[in-house]
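Notes to accompany the following structure.
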Amino acid sequence: MTRFDRHTGFRAVFIAVLVGVILLSTVGSPVSARPPPHAVCGVCSDTLVDAAADNDIAISMAESSLTIEIDESGTGHWTARVSLTGTGVETLRENQSLRDHVVQRVFDRGYVAVEEPQSLTTSMNGSTLTVEYDVPGMAHQSAGGVYVVDFFYWHGGEARWFYLAADSMTMRGPPGTVVSHAPTDAAIADEAVTWEGSDQQYDPLGGRSHVVFAPNNGIISGAATSFGIGVDVAQLKAQDLAAVGVPLVLLTGVVALLGRFGHRLAALSRSRRIALVVGPLVAVGVAAATVETLVGVSGPLFEQLGDFLFYLVYVIAATGAAPALVLGGPLVLGQIVLARRLLNTGTAATEAGTNEAVTRLLLWPTAAVLAGQWLLFPVAAAGAAGYDTTYGLVSLVLPTLYFLPLAVTRQRETPLTIGFIAGLVLAPVPIVFALAPHTGMALVNRSLALLYVPWTLVVAAIGIIAYASGHRLVVIENG
């Protein structure tokens with residue numbers, strides 16, 4: 030029987046260190062501060078006063094309101110009305126070109142919900158400034174004739190947070206529609222949804238800020254509303270599918286190698302199996318933390334040590350590896366103990382009785398969990414509030430449970446093998462969809478292509494040990 034020699038161990042450590050160097054580009058991304066909130070009604074904010082002051086015009090604001098009308102094309106027609114006071118009001122009223130310039134400066138300064146208004150016009154009636162402009166692509170029509178307004182949810186490739194700036198904002202849908210969904214902090218009155226706010230009320234549109242207009246308030250429209258929001262969120266999450274690539278390739282390689290060399294792995298002693306798997310895994314984490322600490326870091330030794338520990342924890346905690354390690358490890362240990370007890374209690378019984386016990390108490394329950402995970406996948410992909418995060422956390426742990434059954438089913442050559450292989454290889458897909466940063470909470474920051482690599486390595490390490498135990502279980506059972 031072929032054994033793993035010392036040179037094989039050195040090669041494994043070398044490859045692990047190389048992977049750790051690659052990880053530095055993803056695990057140590059600097060955390061940037063959250064940008065300032067965006068004013069929904071830019072001309073209702075203090076930015077208008079500042080823009081006027083830049084042109085030696087002294088004004089202040091008394092009251093303001095914003096109305097948004099959504100048409101059938103999804104374009105929003107915005108109308109902002111601001112009551113002004115001050116000595117500069119008359120200047121703005123009489124000088125249209127100056128008034129247009131001051132208003133345009135509000136949008137040019139940024140940190141407003143709309144930075145490129147279309148067909149912008151200004152007018153004044155007494156001391157009230159009226160600004161009208163169009164915003165294309167605020168909404169889209171979905172199944173069932175509903176209009177989904179996702180402008181305040183995820184727009185232009187980024188998530189933003191807002192404050193109204195206006196004293197009130199009212200949004201209406203196309204003619205003949207009613208409000209079928211709105212954030213919880215809004216007031217709904219049939220065809221319109223209204224927010225009340227001020228400069229002090231940040232993020233007034235809430236975490237789930239879709240607004241949906243439907244033909245009526247019936248059951249069909251309600252179902253179409255949920256479907257429309259779900260499809261919109263799922264399409265956004267699909268943009269993160271690049272994060273699936275590297276983990277999928279690694280897991281495919283692990284599953285293939287176990288199929289080819291699993292019998293050699295199972296022949297090793299327990300201590301050698303653990304050393305073979307855990308050694309390279311620790312080397313990856315230490316190498317990643319070391320390289321990240323040394324790159325661009327200067328200062329006293331104790332500060333560098335603190336940075337080293339920080340990045341070492343970051344590799345585990347902020348990449349999804351922690352749940353697999355902390356929860357998956359004990360679960361797999363319990364799985365191995367259960368399998369051994371099933372074998373021990375069945376030694377005096379027939380081989381058929383032992384096989385039945387293993388199938389009933391080990392294989393089928395695990396297969397049912399795998400099937401349930403994929404049955405619930407559409408709900409997580411649709412971003413159900415709070416649920417997708419829980420689903421993602423569970424999905425980080427489940428793949429560790431499929432290695433032992435995979436070894437058993439492979440040895441027995443049962444049809445369940447295909448299901449376990451597919452579940453392992455495709456395991457990153459539900460995780461990326463659930464934890465994509467398009468919902469209120471994302472456990473894994475910045476879902477990039479290599480960010481789930483530490484999680485994959487932890488799953489593979491636990492899985493290899495579990496697979497070897499499953500392989501030995503069948504050998505003993507058949508012996």
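In the working numbering, the protein residues as written are 30 to 508.
Positions of the beta carbon are idealized from the N, C-alpha and C atoms, including for glycine.
Owing to the predicted nature of the structure, the values given are computational and were not obtained by experimental measurement.
* Asked: In whole angstroms, what is the alpha-carbon distance linking Pro-428 and Val-398?
  -> Taking the sequence shown and counting its residues from 1, one reaches residue 428 at position 399. Taking the sequence shown and counting its residues from 1, one reaches residue 398 at position 369. The straight-line gap from Cα to Cα measures roughly 10 Å.
* Identity of the residue in Arg-389, Phe-462, Glu-385 nearest Ala-410 by Cα -> Counting from 1 along the sequence shown, the entry for residue 410 is found at position 381. Per the Cα distances, Phe-462.
* Would you kindly check if the distance between the Cβ of Tyr-176 and the Cβ of Gly-103 is under 9 Å? => Residue mapping note: residue 103 aligns to position 74 of the sequence shown, counting from 1. Residue mapping note: residue 176 aligns to position 147 of the sequence shown, counting from 1. Yes, the pair counts as a contact, with Cβ atoms nearer than the cut-off.
* Rounded separation between Ala-304 and Ala-495 - CA only -> Looking up residue 304 in the sequence shown gives position 275. Looking up residue 495 in the sequence shown gives position 466. Straight-line Cα distance between these residues: approximately 14 Å.
* **beta strand (DSSP E) segment containing Glu-119, residue limits** => Numbered from 1 along the sequence shown, position 90 holds the residue referred to as residue 119. Note, Glu-119: premise wrong, no beta strand (DSSP E); alpha helix (DSSP H) at 118 to 123.
* Is Thr-388 near the ligand NAP, in the sense that its beta carbon is under 8 Å from a heavy atom of that ligand? -> The ligand NAP is absent from the structure shown, which contains no ligand whatsoever.
* Residue range of the beta strand (DSSP E) that Leu-158 falls in? -> Numbered from its first residue, the sequence shown carries residue 158 at position 129. Start and end: 157 to 164.
* To do: Check the C-beta distance from Ala-80 over to Ser-74 and give it rounded, since I have them as a contact under 8 Å.
  => Counted from its first residue, the sequence shown places residue 80 at position 51. Counted from its first residue, the sequence shown places residue 74 at position 45. Incorrect: roughly 10 Å between the Cβ atoms, too far for contact.
* Smallest Cα separation from Ala-271: which of Thr-116, Pro-65, Ile-460, Thr-76? -> Position 242 of the sequence shown holds residue 271. Per the Cα distances, Ile-460.
* To do: Given a cut-off of 9 Å, decide if Leu-158 and Leu-193 are closer than it, judged by their beta-carbon atoms.
  => Residue 193 sits at position 164 when you count from the first residue of the sequence shown. Residue 158 sits at position 129 when you count from the first residue of the sequence shown. It is not a contact, given that the beta carbons lie outside the stated cut-off.
* To which residues of the same chain is Pro-352 closer than 7 Å at the C-beta, ignoring the five residues directly before and after it? -> Here the question's residue 352 lines up with position 323 in the sequence shown. Closer than 7 Å at the Cβ level, and outside the excluded window around Pro-352, lie Leu-422, Leu-425, Val-426.
* Leaving out five residues on either side along the sequence, give the residues of the same chain with a beta carbon under 8 Å from the beta carbon of Met-198. => What you label residue 198 is simply residue 169 of the sequence shown in a count that begins at 1. Contacts found: Val-69, Cys-70, Ser-94, Leu-95, Thr-96, Ile-97, Thr-223, Trp-224, Gly-226.
* Are Val-178 and His-239 touching if we call contact CB-CB under 9 Å? -> Taking the first residue of the sequence shown as position 1, residue 178 is located at position 149. Taking the first residue of the sequence shown as position 1, residue 239 is located at position 210. Result yes, Cβ atoms of Val-178 and His-239 sit closer than 9 Å.
* Asked: Based on Cα-Cα distance, which residue from Ile-365, Gly-358, Thr-438 lies nearest to Trp-393?
  -> Residue 393 sits at position 364 when you count from the first residue of the sequence shown. Looking at the Cα atoms, Thr-438 is the closest of the given residues.
* beta strand (DSSP E) containing Thr-150: first to last residue? -> Translated into positions along the sequence shown, residue 150 becomes position 121. Start and end: 147 to 154.
* Asked: Is the CB-CB distance between Leu-502 and Ala-436 below 9 Å?
  -> Here residue 502 refers to the residue found at position 473 when the sequence shown is read from its first residue. Here residue 436 refers to the residue found at position 407 when the sequence shown is read from its first residue. Yes. Within cutoff.
* **Own chain residues within Cβ distance below 8 Å of Ile-249, not counting five before or after** => In the sequence shown, counting from the first residue as 1, residue 249 sits at position 220. Same-chain partners within the cutoff: Gly-173.
* **Member of Thr-485, Leu-294, Arg-293, Val-141 whose CA lies at the smallest distance from the CA of Phe-180** => Numbered from 1 along the sequence shown, position 151 holds the residue referred to as residue 180. It is Val-141 whose Cα lies nearest to the Cα of Phe-180.
* With Ile-248 as the anchor, note down where its alpha helix (DSSP H) starts and where it stops. => As a working note, residue 248 is residue 219 in the sequence shown. Taken as a continuous stretch (DSSP letters only), the alpha helix (DSSP H) holding Ile-248 covers 248 to 266.
* **Collapsed DSSP secondary structure at Tyr-176 in the structure displayed** => In the sequence shown, counting from the first residue as 1, residue 176 sits at position 147. In this structure, Tyr-176 counts as strand in the three-state DSSP scheme.
* Can you give the Cα-Cα distance for Pro-407 and Ala-413, rounded to whole angstroms? -> Within the sequence shown, numbered from 1, the residue matching residue 407 stands at position 378. Within the sequence shown, numbered from 1, the residue matching residue 413 stands at position 384. So the alpha carbons of these two residues sit roughly 10 Å apart.
* Rounded C-beta distance between Met-90 and Val-111? I'm assuming under 8 Å. -> For the purposes of this step, residue 90 is identified with residue 61 of the sequence shown, where counting begins at 1. For the purposes of this step, residue 111 is identified with residue 82 of the sequence shown, where counting begins at 1. Sure, about 6 Å apart at Cβ, within 8 Å.
* Just how far apart, CA to CA, sit Met-200 and Leu-391? -> Numbered from its first residue, the sequence shown carries residue 200 at position 171. Numbered from its first residue, the sequence shown carries residue 391 at position 362. Rounded to whole angstroms, Met-200 to Leu-391 spans 55 Å at the Cα level.
* Asked: Just checking my contact of Arg-134 with Thr-151 at CB under 8 Å: how many whole Å lie between their CB atoms?
  -> Here residue 134 refers to the residue found at position 105 of the sequence shown. Here residue 151 refers to the residue found at position 122 of the sequence shown. Contact doesn't hold; Cβ gap of about 12 Å is too wide.
* Asked: Which one of Leu-294, Leu-404, Ala-221 has the shortest CA to CA distance from Tyr-420?
  -> Along the sequence shown, read from residue 1 onward, the residue named residue 420 stands at position 391. Closest option to Tyr-420, Cα to Cα, is Leu-404.
* In whole angstroms, what is the alpha-carbon distance linking Glu-101 and Val-273? -> For this step, residue 101 is matched to residue 72 along the sequence shown. For this step, residue 273 is matched to residue 244 along the sequence shown. When rounded, the distance between both Cα atoms is 37 Å.
* Asked: Nearest to Gly-358 by CA position, among Ile-493, Ser-255, Arg-138, Thr-281, is which residue?
  -> In the sequence shown, residue 358 corresponds to position 329, counting from 1. Comparing Cα-Cα distances from Gly-358 to each of Ile-493, Ser-255, Arg-138, Thr-281, the minimum goes to Ile-493.
* **Beta-carbon proximity check, Thr-446 vs Val-275, cutoff 9 Å** => In the sequence shown, residue 446 corresponds to position 417, counting from 1. In the sequence shown, residue 275 corresponds to position 246, counting from 1. No, they are not a contact pair.
* Is it the case that the Cβ atoms of Leu-433 and Gly-499 are separated by a distance below 9 Å? -> Within the sequence shown, the letter at position 404 stands for residue 433. Within the sequence shown, the letter at position 470 stands for residue 499. Taking 9 Å as the Cβ cut-off, Leu-433 and Gly-499 qualify as a contacting pair.
* Under 8 Å Cβ to Cβ from Leu-367, same chain only, skipping five residues before and after it: list those, please. => Taking the sequence shown and counting its residues from 1, the one referred to as residue 367 is at position 338. Hits under 8 Å: Leu-390, Leu-391.
* Asked: Among all the DSSP beta bridges, which residues are the ones paired with Gln-440?
  -> Residue mapping note: residue 440 aligns to position 411 of the sequence shown, counting from 1. Beta-bridge pairing links Gln-440 to no other residue.
* **For Gly-257 and Met-167, believed in contact at Cβ under 8 Å, the rounded distance** => The residue you call residue 167 lines up with position 138 of the sequence shown. The residue you call residue 257 lines up with position 228 of the sequence shown. Actually they are not in contact, since the Cβ atoms of Met-167 and Gly-257 sit about 14 Å apart, beyond 8 Å.
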